[in-house]
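Enquirer:
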Amino acid sequence: DTLRFWTTEEQPERLAKQEELAAAFKEKTGIEVNVIPVSESDLGTRATAAFAAGDLPDVIYHTLQYALPWAEAGILDTEAATEVFENLGASTFAPGAAAMAAVDGGVASVPVDGWTQMVIYRKDLFEENGLAAPDSYENILAAVEKLHNPPEMFAFVSATKIDENFMSQVLEHVLLANGVSPVDANGFKPLDEKKTIEALDFYKAISKASPPGDLYWKQSRELYFAGKAAMIIWSPFILDELAGLRDSAPPTITDDPTSSELASKTGVVTTLSGPSNADGAAWADIRYFGITNDADTEAAMQFVEFSMDEGYLSTLSIAPEGKFPIRRGNKDNATAFVDGWAELPVGVDRKAALTDLYDADTIKTIVSGLDTASRWGVKEGQLSLASKMINSQVINRLVREYIDDERDAAATVTKLNEELAKIQ
Amino acid sequence: MGAIQLNKVEKWFGTLQVIKGIDLQVEDGEFVIFVGPSGCGKSTLLRLISGLEETSRGTIDIDGKDVTALPPSGRGLSMVFQSYALYPHMSVRDNVGFGLKTAGVPKEEIARKVNAAADVLKLDEYMDRRPKALSGGQRQRVAIGRAIVREPGAFLFDEPLSNLDAALRVEMRLEIARLHKSLGTTMIYVTHDQVEAMTLADKIVVLQAGRIEQAGSPRELYERPDNLFVAQFIGSPKMNVLPCSIEGDRFSLQGHGGGRYPHAGVARKPVRLGVRPEHISVTGPDEGHHCTGTVEVTEYLGSDTFLYVALDGLETVLVRISGSETVEEGSRIGLKFDETRMHFFDADDQAIR
Amino acid sequence: MGAIQLNKVEKWFGTLQVIKGIDLQVEDGEFVIFVGPSGCGKSTLLRLISGLEETSRGTIDIDGKDVTALPPSGRGLSMVFQSYALYPHMSVRDNVGFGLKTAGVPKEEIARKVNAAADVLKLDEYMDRRPKALSGGQRQRVAIGRAIVREPGAFLFDEPLSNLDAALRVEMRLEIARLHKSLGTTMIYVTHDQVEAMTLADKIVVLQAGRIEQAGSPRELYERPDNLFVAQFIGSPKMNVLPCSIEGDRFSLQGHGGGRYPHAGVARKPVRLGVRPEHISVTGPDEGHHCTGTVEVTEYLGSDTFLYVALDGLETVLVRISGSETVEEGSRIGLKFDETRMHFFDADDQAIR
Amino acid sequence: MSAQTRQPVSEGPPKGIGPMQRREMWLAYLMLAPTFIIILVIVAGPLLANFWISVKPVQLGDLRPPAVLVNERLRGDPEAAGDSATLEYRLRNSSRDEEIRDVVLKDEVPAGFTVTGLPQGCELTGSALSCTIGTVEPGWRDRLGLEGTVSDVFLAANRPERASEPVVTGDANNVLTNFEFTFENFSRIFSADEFWSVLRVTFYYTIFGTGGALVLGLFAAQLLHTAFPGRGFLRGLFLFPYVSPVIAVAFTWVVLFDPFSGTLNALLTKMGVVSDPINFFGQRAIEFSVFGIPFEFPLALTTVIAFEAWRYFPLSFLFILARMQSINTDMYEAAEMDGATPLQQFWYLSLPQLMGILSVLFLLRFIWTFNKFDDIFLLTGGNAGTRTLTVDVYEQGFALSNLGAGAAVAVVVFVVLVTFATLFIRFSPKEEGL
Amino acid sequence: MRPASILLTAVTGLLWGVMAMVVIGVTLTLITGEVALPQATAAGLAGLLGALVFVWRCSAAGAGGAPAWAYSAVVVFLVLMIASFAAPFTLPLSVVPVWQGLALIVFVAGVTAAIRLCLRDARFGPMSRYEREVIYIRIAKGIGFVVFTIIVALPFYVMVMTSLKSQQALLANPLDLSIDFSQGLSGLTRSYVELFTQFNFGRYLMVSAFVSVATVVLTLLLSVPGAYAVSRLRFPGQALLARSVLLIYMVPAIVLVIPLYAVFSQLGLRNTLTGLLIVYPATTIPVALYMLQGYFRGLPAELEEAGLMDGLSRIGVILKITLPLSLPALASVSLYVFMIAWNEFLFAFMFLDDPDIFTLSRGVVSLNSSEVPRQHLMAGAVIATVPVLVIFLWFERFLVQGLTAGSVKG
Ligand SMILES: Nc1ncnc2c1ncn2[C@@H]1O[C@H](COP(=O)(O)OP(=O)(O)OP(=O)(O)O)[C@@H](O)[C@H]1O
Ligand SMILES: Nc1ncnc2c1ncn2[C@@H]1O[C@H](COP(=O)(O)OP(=O)(O)OP(=O)(O)O)[C@@H](O)[C@H]1O
Ligand SMILES: [Mg+2]
Ligand SMILES: [Mg+2]
């Protein structure tokens, strides 16, 4: 009677924490949990393949983009998830996150944690050059103009590796910022040509201000850490590393890999706006526990409940800087988990609380992003379709081709609409 | 033990018939040699007897028992291969004893028999070497040793000496003769070497194209060949053949003289005359002779000299004279045939006797 | 063109000396044959001349010009290899013409010369075949053709016939003789075949262990060998050698009779007597003879019979008699040597003359 | 004697095979059987499956036949004997497109559970429960509650309801096994522009990769043909790329060629050869113009081809070297005597002699390169203009879950290869076969 | 004096000068981390003059005194120093002087040796086409050796060196591939230690070894009888069977993966080593069978016939004669199969998700896909490579023999 638990948190130190959690769970229930790391980029294919083969694990820790498609494909047992959700108390969860995974009469999976995407920039350089914080297309382009000076300094490190989720995330963020969405309440909605072209041009501009090639989170971080990039888009997981708390990803701007100097020079923006959407938008990712249809349902439910309750703080402690609590508290204390989380130390090789590393403003920006953040299709109730569009990587591919000058902007929009229309 | 009888044996490779119905009786203890031109089926016939090839038709009896369908292991024969086929991964001792070991003979007995064979073949010094570390002649001895220890009904040899150099070949030939004398076992031996066949055999079987041309003792084949093929095949250098014609009891060579024809009573008429180089003597061009010609080439070999004599209007004839005689190239000479040793052949190439 | 002179030529492979200082003069147009036991350095010497091996010491002159340091292409010689070394992917025509092509000879001229060579060697029919599709003899002809077209100063042959069967060997031997006669070019020829050496050579060079033992015409070597090695090496079957002692002008064989010793005036005293099998005749055991013995083995070959006669108290002696005579195995006979053809050797194996 | 052997030739070759050969035949079949069974199962089977799937509109998920999924649970937290509880079956049609007919649920009621209320359509015989549900719609879901009371026996057991698994049977149309065929997959892939560019890339990759490996191998073989001290060492070294795990060398190349932190780019920029780092594996094309005509140089594809040539030249090197060493040296000596210069010897003698092995190698390497998946998958994932057919199989079948399309591409691969091999074997130099 | 001969000499020297300088300069850079810009022009000039002097001295035969190459070496050194203004690597001599000195010595020695080897018998007088071509070929071969050695060795060098560094050092100076001994042994091998302690590589190593060896055993068990039957026994369909085995070459592994994935999952074989041990032999047997039958065919049939005459049955012949004689072939097949199994990536990648049974290849992929630092990835690559390379070097002879004997006739 062993539960199989797929997790995308596969670095050894994070795996170790999850295994501790599993051990604790076994202690309590006698049910063994086999923690299986799966690369995030493989998760989609592997899950589909496993479903086809009738060999699904019991529980999957997955991102928002899979929640609804998987529920629809029959991979997820939404009833079980809903039951867990209700057992834990729907009201203890942050409402937005649960809504994103809502299905008929419940949730597709149980929301666990979330984070918002950030524009990380060199506050020192911006101040030096009298630049405004990069919270809009305009400001960013202005900064590009000023700061781009390759190869010593790239103004931006954009995302251009089309098979990386990272590119989808960044693109969606940029498009959202200008109010572009491929869905409305009735399903597919052709992209607005003007807004899309603005966003495409912007994206092309920042990509041209980036180093050549297939870029994704790896290069963004390396270059920023080396002091060779002025702006990047990244998740909050970078916060501890930026402060020199993790040896395997050290800031290399100075000779001292443990220095938090770079952190102090860094500013953060979560909400980005475009010319046609003055309000701007933030982009959030939520992670869920999904219980599969091949699962030993009861045991799986127990495990999820345990992880979301007694084990919740351990779950969050895997990487507190990028795992903001979605469950605020338990029946006894409505803010138990939020409070507990705030005290969790971040970092791997060295530990420190976030509050020690960043000023209060920054932290506030980071955390509050989660409340306003959105995704395509959430408001419209078409998250599932939007996720499929994203998962198909069509947008990535065509945008990349646009960046590579294979097609002009208008043609790209047309082509995008064509291809997206095919996706049901 | 050791009498082998072939009855109408045929061998087909697919639709190619290689052995075309052979009847042969090998007596126990006889030394039989198969000779014939390359590709005539000597090896195949030997392999049929050994059981390494399946007989297509006909039967093979050993000591009166039909063994046609038995595998090699069931026939109780030994074979010595041209390439020796020693097991390279075994010592000489193990090579020789291998056949006994597979037969489940107890160790001491194997050792005894192997040593006995080693004594006979003077192999004692090499018993622990691998075949690779032996010379050609030693390897050949090991191969024979391997055949001996199993005390087979008959030995089969397939050109056992052809990989040895001339001197060694002479030595091993004598050794095999001695072995046959001492063991008295039936031996069937394939060779294409004249000398081996003549010196070793009790009976030579001349094969051509899957058929037996003649079988008999060496002297029989040399002196009384059945047909032109055997006549030219046996004897070295080979018999000269000249066209001839007959009138009454005299034969004549076209444009030359003639002589007495001994088989006047036989109905078949000869068209060719055969005479061996060693049975021709040189005379002056005007003395009594059968024919005249010009010496084209002389080959001086020390002991003998060969003359290539271009007969006037006929072929070139080879003549053997003693090495001490000298004949100039280009000189005209007469040739005289030994009349008791001439052979006559009819239009079907059959000898007239 | 074609006179070759070796002056104190030596060849070392690392620390192994293979050729030990050879002086040799090959006249223009001469047919010189190197013979000797395997490994004596025949091939090496030929390759030194060809330039395929570098000469370690000494010089080689061709037509008076020192070519010791020139690559093969600069020496103007042609070579025929034992393995023929034909280019397997080229037609016979291209094989023969290759040497001309590399020299940049115009196409028409190549075609003309190649056709001329093909005529001489009767290769016309095969000109467009690949070597694989030729028989051994034809391949040998192609190899020779390749050597001819370049009109070399001399031909070098390294055992050119040893891969052919006996009959073909005889034929090709005659062909080479004819070729030499018609071209008149110098030829240097390596063989280990007695018959080839005796029949082809103007001059035979007997090598042993990198040194020349004797050089001379075939008859010289057969009749007047310089030493025991040459005496036994030349002539087949080889010379019988028996220990002997001398008293005045008579020699005697231990336990047997004796005869006249012709070199009584020579200071060196012989310890051995050599006589060839063909120079011994059989007598009755009681008639006049040099020695007596028992016939151990008789080998009947048709034309000749060889007797292995175990002399009383001495070695076995080989005797050649005519095939028509018969001697029983085991019978006692007397042997009489041809007194004019006996050889005597001193303790250093040098012939006494 | 001779007259007797000269009998007429008998009636032609014997028919059938003799007993010795029959024994041999059975032995042979017996010895070959395991090999053929395993190959049939592991290779031929999947291959046929591919052909089958390629003419069916199958998604990855369709591999799982439509079925009613069932989940059995105990509801109502009974704590003492006599408490009532519900044994609940959750049922769900796994398919969203296919209905399932004649659905029947069968289960054993756990010991100690006394049924008090049966849902409609259910019968209880002893402890055997059987519920007839009938035809269910695509996407249908339902719950069946079996009410009852529990006894101590029941409570004492650990999750007693799991003692027997409920079994649901039903018939459904299964795209995988039915006999409806379609060429939609083929028409879909053939009509996509992408497919043709993939095909083109595949041929570039295969031809240049193969050619590169062959040329490098030929050159390396020339280097190591003659003996010199250290030859053994160099030969070993030259084989490294081939012997090492693809995973190791592929990642090493990626690291080495990395535009930001790769040694090679650092070297090139520092030495002033290029001004900006080159993204060897990420950049689709470098544009340049000659006399005003723009050209595109497919950078990533070239790098991948270079990798292919680098990794597989040792194989051709080995074979060519072995062949060269088996060429009789006599032939070269003859050529020396014939006055051929070294280059003439190479051109007129070595090269023609090597044609046989070169063409065999070309065939083998062509097939293998055409089939290559790992290398490109690891180096570029098929991006930046390096997607080959095999990567496309993976993308279509696995990443996009369109199994039918993937299988159709696989069929194309197979057909192209078989065609190529047949043509090649017919028209290539025949000196040595496989 | 022939202009052509002089030109040939000069070009030879020039080529070697430039070549040696680039190679040595880059090596110096990689070893020390200092950017050494090679002075190609100066080096070319030095080589050119060195070559001319060498041939000149050679031609002046019998001149006695120092050998020609000594003159040449001196010229090379002097010209290089003068033409590069005493900074042959554009570094001030005070920077890493020991390494620079060493590099300079290697340069002079290398160029002189190369000139000497290439121009051994050259002269300024007329040379035949033959002699000139000999020189061309020497030059081409020399350059070939250098280039091949570099392109083959460089990636492996980078692999090993990267694995010994820290992420920070790597990012700071990608050119610096020297070994930083200052961090001590534990610092150097930190990646390895972490891989073995945290990333479970010890286990992967065991799994890989087990899978590979088991594959070898299974493959041999199945392919030896098959190969024997195909090569020695006569039976209807022999040629067809022998050839059809080769059809497997035509089937891309990726085509097999998807159906096998489904079936194996259903049979519970996916994500098990048993599953791998079914697939691996299936892919290796045809190759093994092919190699072995080539070898078996090459064994003299007479040996087996001798065995038959000695009273053995067919099976006895195989066991007692054929197999012992085939040891080299068995060794090479084993090695080859071992290599295939050890290096196999696709099936391991698709079939295995449980880290407890990862093979090394599978383990290394998982290093790539997470935020694992690059030196870990490279250390993983090294761990995956070293065993197979060691085994390969040990048995190289066999591999070479077997590979070629098996598939190439004549
Ligand atoms: N396995 C076989 N399949 C087909 N034909 C064969 C086979 N073995 C032999 N032959 C043919 O049978 C004929 C006789 O062959 P065999 O080997 O018996 O000749 P041979 O007399 O021994 O010749 P040699 O003196 O060359 O050894 C030849 O034409 C040969 O080609
Ligand atoms: N390349 C070489 N390296 C070392 N030793 C060699 C070489 N070539 C020949 N030898 C040795 O030189 C000696 C003479 O060899 P060579 O081939 O000239 O003999 P040969 O008289 O031609 O013999 P055969 O009649 O067997 O051809 C032999 O002992 C041989 O081992
Ligand atoms: Mg034969
Ligand atoms: Mg020789």
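Chains as they are written, first to last, in the numbering used here: chain A, 886 to 1309; chain B, 1337 to 1689; chain C, 1337 to 1689; chain D, 394 to 827; chain E, 12 to 421.
Idealized CB from N, CA, C, for every residue including glycine.
#1: Mind checking if residue 404/D is an interface residue toward chain C, Cβ cutoff 8 Å exclusive?
#2: My assumption, with CB atoms under 8 Å, is that residue 1671/B sits in contact with residue 1645/B. Please give the rounded CB distance.
#3: Closer than 8 Å is the cut-off here; do at least three beta carbon pairs connect the segment 637 to 650 of chain D with the segment 768 to 781 of chain D?
#4: In the DSSP output, what is residue 1582/C paired with across the bridge?
#5: Under 7 Å from any heavy atom of ligand 2, does the C-beta of residue 1374/C make it?
#6: Measure the Cβ-Cβ separation of residue 368/E and residue 218/E and say whether it is below 8 Å.
#7: Quick one: residues in its chain with C-beta nearer than 7 Å to the C-beta of residue 451/D, no 5 flanking neighbours on either side, listed in chain order?
#8: Leaving out the 5 sequence neighbours to the left and right, which residues in its chain are closer than 8 Å to residue 1396/B when beta-carbon positions are compared?
#9: Based on DSSP bridge pairs, tell me the residues matched to residue 1038/A.
#10: Which full runs of the beta strand (DSSP E) of 3+ residues lie inside the segment 1189 to 1252 of chain A, going along the chain?
#11: Could you have a look at residue 1355/C and say whether DSSP puts it in helix, strand or coil?
#12: Let me confirm a value: residue 996/A is counted as buried when at least 16 other C-beta atoms fall within 10 Å, else exposed. Which label applies?
#13: Would you say the beta carbon of residue 1634/C comes nearer than 7 Å to a heavy atom of ligand 1?
#14: Would you list, in sequence order, the uninterrupted alpha helix (DSSP H) runs of no fewer than 4 residues that lie entirely inside the segment 428 to 512 of chain D?
#15: Whole angstroms are fine: how far does the CA of residue 1414/B sit from the CA of residue 1595/C?
#16: Tell me the rounded alpha-carbon separation between residue 1534/B and residue 1540/B.
#17: Verify the contact flag: residue 1356/C, CB atom, against every heavy atom of ligand 2, threshold strictly below 7 Å.
#18: Ligand 2 and residue 1419/C: does any heavy atom of the ligand fall closer than 7 Å to the residue's C-beta?
#19: With a threshold of 7 Å (Cβ to nearest heavy atom), would residue 1493/C be considered close to ligand 2?
#20: Compare the beta carbon distance of residue 731/D and residue 1351/C with 8 Å and say whether it is the shorter of the two.
#21: Does ligand 1 have a heavy atom nearer than 7 Å to the CB of residue 1412/C?
#22: Could you check whether the segment 1358 to 1377 of chain C touches the segment 1419 to 1432 of chain C, counting it as contact only if at least three pairs of C-beta atoms, one from each stretch, sit closer than 8 Å?
#23: If we define contact as Cβ-Cβ less than 8 Å, is residue 19/E a contact residue for chain D?
#24: Does any heavy atom of ligand 1 sit closer than 7 Å to the C-beta of residue 1349/B?
#25: Under 7 Å Cβ-Cβ, which residues of chain E neighbour residue 703/D?
Expert: From the atom records:
#1: The count along the fourth sequence starts at 1 and reaches residue 404/D at position 11. So, not an interface residue.
#2: Mapped onto the second sequence, residue 1671/B falls at position 335. Mapped onto the second sequence, residue 1645/B falls at position 309. Confirmed, Cβ separation roughly 6 Å.
#3: yes
#4: The residue given as residue 1582/C occupies position 246 in the third sequence. DSSP lists 1587/C as partners of residue 1582/C.
#5: As a first step, residue 1374/C is located in the third sequence; it is residue number 38 there, counting from the start. At least one heavy atom of ligand 2 is nearer than 7 Å to the Cβ of residue 1374/C, so yes.
#6: Taking the fifth sequence and counting its residues from 1, one reaches residue 368/E at position 357. Taking the fifth sequence and counting its residues from 1, one reaches residue 218/E at position 207. Cβ distance < 8 Å, so residue 368/E and residue 218/E count as in contact.
#7: Indexing the fourth sequence from 1 puts residue 451/D at position 58. Within the same chain, residue 451/D has close Cβ partners 568, 569, 796, 797.
#8: Sequence index remark: in the second sequence, residue 1396/B carries index 60 (1-based). Within the same chain, residue 1396/B has close Cβ partners 1340, 1341, 1342, 1343, 1345, 1384, 1385, 1402, 1403, 1404.
#9: Here residue 1038/A refers to the residue found at position 153 when the first sequence is read from its first residue. In DSSP, residue 1038/A forms a bridge with 1034/A.
#10: none
#11: Mapped onto the third sequence, residue 1355/C falls at position 19. Strand, per DSSP.
#12: Residue 996/A sits at position 111 when you count from the first residue of the first sequence. Result: buried.
#13: In the third sequence, residue 1634/C corresponds to position 298, counting from 1. No; taking the cut-off as 7 Å, the Cβ of residue 1634/C has no heavy atom of ligand 1 nearer than that.
#14: 438 to 447
#15: For this step, residue 1595/C is matched to residue 259 along the third sequence. For this step, residue 1414/B is matched to residue 78 along the second sequence. In a straight line, the C-alpha of residue 1595/C is about 52 Å away from that of residue 1414/B.
#16: Taking the second sequence and counting its residues from 1, one reaches residue 1534/B at position 198. Taking the second sequence and counting its residues from 1, one reaches residue 1540/B at position 204. Distance between the alpha carbons of residue 1534/B and residue 1540/B is about 8 Å.
#17: Locating residue 1356/C in the third sequence gives position 20, where the first residue counts as 1. No - ligand 2 has no heavy atom lying nearer than 7 Å to the Cβ of residue 1356/C.
#18: Your numbering for residue 1419/C matches position 83 in the third sequence. Checking the Cβ of residue 1419/C against ligand 2 gives no.
#19: The residue labelled residue 1493/C in the question sits at position 157 within the third sequence. Residue 1493/C: no, Cβ never under 7 Å from ligand 2.
#20: By 1-based counting over the fourth sequence, the position of residue 731/D is 338. By 1-based counting over the third sequence, the position of residue 1351/C is 15. Not in contact: residue 731/D and residue 1351/C (Cβ atoms no closer than 8 Å).
#21: As a position in the third sequence, residue 1412/C is number 76, starting the count at 1. Result no, Cβ not under 7 Å from ligand 1.
#22: no
#23: Sequence index remark: in the fifth sequence, residue 19/E carries index 8 (1-based). No - not a single Cβ of chain D is within 8 Å of the one on residue 19/E.
#24: Locating residue 1349/B in the second sequence gives position 13, counting from the first residue. For ligand 1, at least one heavy atom lies less than 7 Å from the Cβ of residue 1349/B.
#25: On the fourth sequence, position 310 is the one that residue 703/D refers to. Here the neighbours are 162.
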